[in-house]
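Chemist:
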Amino acid sequence: FNPTPCKDPTDKLFTVHGLWPSNNVGGDPESCKIRNHRARAKALEPQLEIIWPNVLDRTNHTAFWRRQWIKHGTCGYPTIQNENDYFETVVKMYTTEKQNVSKILSSAKIEPDGIKRTLADLEIAIRNGTDNKKPKFKCQKKRRVTELVEVTLCSDKNRAHFIDCPNPFQPGSPYLCPTNNILY
């Protein structure tokens, strides 16, 4: 088990980790064929730097975004038409389609104030912001403290509706969240 060495921003807001086409059963597709080449528009970069930073190297966002496109975005075809559509979709989902996890939690009066929470409280808050659909939570234990580090929201292949997230972490996984004492 090797914890991710993220460089967390001081504001502790959730950012985008990725937009990954997935299967309900089995592994998710990776590194598919590029079918329609249209590069990412430079105009998107200021927004992407805020909502989808490279948390491992905040000086090199573009290489990180390129890897995400090649590894995951290419597998979204035909729903995701090209690289620009992939990044426009991320911005749109985050800013206008209720996929801002920090905002959803804040609406439920759950702030990143270092209070330990129950998994049920976190899940109810997210479900209230996602049409009662089940999210996927990722926790990490650091020095005997379990911290919420990732919340996955899932949508249908047309990106029109939230769906219950498939493939939760299994018991025994180092990322499985306990039922209580989760720091956020």
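At position 159 of the sequence shown (counting the first as 1) the number is 159 in UniProt numbering, and the numbers step up by one without a gap.
Think of the CB as a built atom: it goes at the ideal place given N, C-alpha and C, for glycine as much as any other residue.
What is the DSSP secondary structure of K138, counted as helix, strand or coil?
Modeler: In the sequence shown, residue 138 corresponds to position 138, counting from 1. Here K138 sits in strand by DSSP.
Chemist: In chain order, what residues of the same chain have a beta carbon less than 6 angstroms from the beta carbon of residue 187, not counting five sequence neighbours either side?
Modeler: What the structure shows of the chain is the stretch from 1 to 184, and residue 187 is not part of that stretch, so it cannot be assessed.
Chemist: Are there 16 or more other CB atoms within 10 angstroms of the CB of P174, so buried, or fewer, so exposed?
Modeler: Residue numbering aside, residue 174 sits at position 174 when the sequence shown is read from its first letter. Classified as exposed, P174 has fewer than 16 neighbouring CB atoms from the shown chains inside 10 Å of its CB.
Chemist: Verify whether the separation of the beta carbon atoms of residue 218 and K142 is less than 8 angstroms.
Modeler: Any property of residue 218 remains undetermined from this structure, which presents the chain solely from 1 to 184.
Chemist: C154 by DSSP, collapsed to three states: which one?
Modeler: Here residue 154 is taken as the residue at index 154 of the sequence shown, counted from 1. The answer is strand: DSSP assigns C154 an E or B state.
Chemist: Measuring straight from C-alpha to C-alpha, what distance separates G114 and I182?
Modeler: Position 114 of the sequence shown holds residue 114. Position 182 of the sequence shown holds residue 182. Spanning the two alpha carbons is a distance of roughly 9 angstroms.
Chemist: When you compare only the Cα positions, how much space is there between K98 and H37?
Modeler: Your numbering for residue 98 matches position 98 in the sequence shown. Your numbering for residue 37 matches position 37 in the sequence shown. Cα to Cα, the separation comes out at about 29 angstroms.
Chemist: Here's a check: name, in chain order, each residue in its chain whose Cβ is nearer than 7 angstroms to the Cβ of Y86, leaving out the five neighbours to either side.
Modeler: Here residue 86 refers to the residue found at position 86 when the sequence shown is read from its first residue. The answer, listed in chain order, is L19, W69, G73, G76 and I80.
Chemist: Secondary structure at R40, three-state DSSP: helix, strand or coil?
Modeler: For the purposes of this step, residue 40 is identified with residue 40 of the sequence shown, where counting begins at 1. Annotated three-state conformation of R40 is coil, per DSSP.
Chemist: Alpha carbon to alpha carbon, how far is A39 from E83?
Modeler: By one-based count along the sequence shown, residue 39 stands at place 39. By one-based count along the sequence shown, residue 83 stands at place 83. Their Cα atoms are separated by approximately 5 angstroms.
Chemist: From L56 to W65, what distance separates their C-alpha atoms?
Modeler: The sequence position of residue 56 within the sequence shown is 56, counting from 1. The sequence position of residue 65 within the sequence shown is 65, counting from 1. Looking at the backbone, the Cα of L56 and that of W65 are separated by about 12 angstroms.
Chemist: So, for T179: in the same chain, excluding its five sequence neighbours on each side, which residues have a beta-carbon less than 8 angstroms away from its beta-carbon?
Modeler: Residue numbering aside, residue 179 sits at position 179 when the sequence shown is read from its first letter. These residues qualify, in order along the chain: T118, L119 and A120.
Chemist: Where DSSP assigns a beta bridge to I182, which residues make up the other side?
Modeler: Position 182 of the sequence shown, counted from the first residue, corresponds to residue 182. According to DSSP, which records beta bridges pairwise, I182 is partnered with R117 and T146.
Chemist: Going by C-alpha to C-alpha distance, which of K134, V91 and P112 sits closest to P168?
Modeler: As a first step, residue 168 must be located in the sequence shown, where it is residue number 168. The shortest C-alpha separation from P168 is found at K134.
Chemist: Hey, could you find the ends of the alpha helix (DSSP H) Q47 is sitting in?
Modeler: As a working mapping, residue 47 is identified with position 47 in the sequence shown. Q47 -> alpha helix (DSSP H) spans E45 to I51.
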